[in-house]
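A.B. asks: One structure, pasted below without further comment.
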Ligand code: ADP
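Numbering (the numbering used here), first residue to last: 60 to 468.
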């Protein structure tokens, strides 16, 4: 037995923890602290083999507690038996810059490098790094591993990652496309190859991670060659509250029209745009699909723009790959919304993709499988469309186990 890994995903308003068996994916303990810093902060712990196998009742934290305090309490809440199974702690860290192309054990040198990357992701990195610090203090005898959202995309060539901006911005400040959701794109690429029964090395995949954040990646033989998110997670597809691609000229124009600073416009592009901005109703795709069905025009438009942009991006990434063997849907929307998949596939008929409506409806509840018409899994006639549930925690657990046991990728 390899032992278990404690996976930590520390954000500014929520902290997620899971004890994961990297071999089987089993999670004996999962825990969540949410709405941190607000008076209705809450901690939830769930034990798979607990009394009655039922979720533990929410533990009201009793007032505004910080992310640090929540993480300490959740780690201290592990029993001695649970702690004794742990061989390492894996941390989700959003930005590894150009420095990290793989996960890494966090020592003093790595920590200093990570601190230098905070400027690239000021919204996420401080919380991620506090998580590492607090967990190291609580579990000082275990190795702590950083697993980056960006690392998988470090295989991109300059032709894909360079922006056409002054070279000094790149050389002096690292202004380039990094890409995110790398653990998810990597995981679903590997699973897609298994489902298709073909070696990953032979496949040209477009992976679509459609959740609250959304990104697409072109994965050639298991290597990311292009992706839609950039220096920050704001670029690319339409997301829950993020705009995705807009003309950068919008920032100066709206700032001047509204008499506000660029920072304020950027904040709106991050938190008041995307599905929420278009619909004026919600950032939640399920709510919008229901509203569209009930006749809401803004909700209908929001869903249309979302699907159009996904389909257009698959076309662009097919060019990046020089061909297409499969499109892979994942993330909350990609896994659960048969309507979104159907709309996207309708537009991809030009690439030889055709929805199998029955299979698409069947895979609408988180099960993986093919949703195109050539459902014979050994068919190599045209590109396939697949639903693959993602599992970023499992990738973090496996990378941690690999590094802790001194392995290479
Ligand atoms: P995160 O990116 O925060 O991990 P998820 O991957 O869970 O988020 O994705 C959340 C999105 O998935 C929301 O827009 C939600 O509405 C959408 N979603 C979940 N289930 C469904 C469903 N049955 N139909 C449509 N959208 C769904």
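Cβ atoms here follow ideal geometry from the backbone N, Cα and C, with glycine treated the same way.
#1: Thinking just about the alpha-carbon of each residue, which of 230, 287 and 417 is nearest to the one in residue 376?
#2: Suppose contacts are defined by Cβ-Cβ distances below 8 angstroms. Is residue 209 in contact with residue 268 by that definition?
#3: Within 7 angstroms: the Cβ of residue 390 and any heavy atom of the ligand ADP?
#4: To the nearest angstrom, report how far apart residue 175 and residue 400 are at their CA atoms.
#5: Does at least one heavy atom of the ligand ATP sit under 7 angstroms from the Cβ of residue 418?
#6: With DSSP as the reference, identify every bridge partner of residue 274, one or two as the case may be.
#7: Here's the rule: buried if 16 or more other CB atoms are within 10 angstroms of the residue's CB, otherwise exposed. What is residue 332?
#8: Have a look at residue 418 and residue 337 and give me their C-alpha separation to the nearest angstrom.
#9: Starting from residue 159, trace the beta strand (DSSP E) both ways and give me its first and last residue.
#10: Specify, as a first and last residue, the run of the alpha helix (DSSP H) that residue 306 falls within.
#11: Go through its chain and collect everything with a Cβ distance to residue 250's Cβ below 6 angstroms, but skip five positions before and after it.
#12: Once the 5 residues before and after residue 113 are set aside, which same chain residues still bring their CB inside 6 angstroms of it?
#13: Return helix, strand or coil for residue 372, following the three-state DSSP convention.
#14: Examine the ligand ADP and report whether any of its heavy atoms sits within less than 7 angstroms of the Cβ of residue 271.
#15: Determine the DSSP secondary structure at residue 300, reduced to helix, strand or coil.
#16: Mind checking which residues open and close the beta strand (DSSP E) that includes residue 325?
#17: Starting from residue 285, trace the beta strand (DSSP E) in both directions and tell me its first and last residue.
#18: Go ahead and label residue 235 buried or exposed: buried means 16 or more other beta carbons lie within 10 angstroms of its beta carbon, across all protein chains shown.
#19: Do you know how far the Cα of residue 197 is from the Cα of residue 211?
#20: In the DSSP assignment, find the unbroken beta strand (DSSP E) run with residue 432 in it and report its ends.
#21: Does the beta carbon of residue 299 fall short of 7 angstroms from some heavy atom of the ligand ADP?
#22: What three-state label does DSSP hand residue 209 in the structure shown?
#23: If we ignore side chains and look at the alpha-carbon of each, how far apart do residue 456 and residue 380 end up?
C.D. replies: In short, the structure shows the following:
#1: 287
#2: no
#3: yes
#4: 40 angstroms
#5: In the structure on display, the ligand ATP does not appear, and the ligands it does have are the ligand ADP.
#6: 268
#7: buried
#8: 30 angstroms
#9: Here residue 159 belongs to no beta strand (DSSP E), and DSSP marks it neither H nor E.
#10: From DSSP, residue 306 is part of no alpha helix (DSSP H); its letter is neither H nor E.
#11: 447
#12: Any answer about residue 113 is weak, because its pLDDT of 43 lies below 50 and its placement is not dependable; what the coordinates show is given next. Taken in chain order, the list of residues that qualify is empty.
#13: helix
#14: yes
#15: coil
#16: First-last for residue 325: 321-330, but that is the alpha helix (DSSP H), not the beta strand (DSSP E).
#17: 282-286
#18: buried
#19: 29 angstroms
#20: It is not in any beta strand (DSSP E) - residue 432 carries neither H nor E in the DSSP assignment.
#21: yes
#22: coil
#23: 30 angstroms
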